[in-house]
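These notes concern the structure reproduced below.
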Amino acid sequence: MEMSTEEKKAIAVIRNYLNVDWEDSYILSEYDFVVDQLIQNSKASKSADIKSMSEGDQSVTYKDNSGPWTITDDIKAMLPKPYIKLFY
35 MEMSTEEKKA IAVIRNYLNV DWEDSYILSE YDFVVDQLIQ NSKASKSADI KSMSEGDQSV
95 TYKDNSGPWT ITDDIKAMLP KPYIKLFY
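Okay, so the sequence shown: first residue is 35 according to our numbering, each after it adds one.
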């Protein structure tokens, strides 16, 4: 089954937050509920978390630690602590 663009974005956000190199299929199987929540948050936050908006150059400013595809406190509660890489 082909992943949607929203699922790919959510997986990339989770991978970046956790600082891991896990396969997409692993993240989707283990954290499918987090992927769903990220997608729901991104759809809901398109207008709810806007701090200011101007139309001249289409500038949009979101409230701190908010906006589409942001790891919010509810998402952090569903994920393990980020991994620290000590060696490269």
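In this text, a Cβ means the ideal position worked out from N, Cα and C, and glycines have one as well.
Nothing here was measured: the structure is a model prediction, and the numbers come from that model.
#1: Which value, in whole angstroms, describes the spacing of the CA atoms of residue 56 and residue 62?
#2: Around the Cβ of residue 78, are there at least 16 other Cβ atoms within 10 angstroms (buried) or fewer (exposed)?
#3: I'd like to know whether the C-beta atoms of residue 52 and residue 109 end up nearer to each other than 8 Å.
#4: Kindly indicate which three-state DSSP category residue 95 falls into: helix, strand or coil?
#5: Could you give the first and the last residue of the continuous alpha helix (DSSP H) run that contains residue 120?
#6: On the three-state DSSP scale, how would you describe residue 88?
#7: What's the gap between the Cα of residue 39 and the Cα of residue 54?
#8: If you drop the 5 nearest sequence neighbours on each side, which residues of the same chain put their C-beta closer than 7 Å to that of residue 105?
Straight from the coordinates:
#1: Rounded to whole angstroms, the separation of the alpha carbons of residue 62 and residue 56 is 10 Å.
#2: Of the other Cβ atoms in all chains shown, fewer than 16 fall within 10 Å of the Cβ of residue 78; this residue is therefore exposed.
#3: Contact flag unset, no.
#4: In the structure shown, residue 95 falls within a strand segment according to DSSP collapsed to helix, strand and coil.
#5: For residue 120, no alpha helix (DSSP H) segment is defined, and its DSSP state is neither H nor E.
#6: The answer is strand: DSSP assigns residue 88 an E or B state.
#7: Roughly 20 Å separates the two Cα atoms.
#8: Counting only Cβ-Cβ distances below 7 Å, and skipping sequence neighbours, we find 47, 51.
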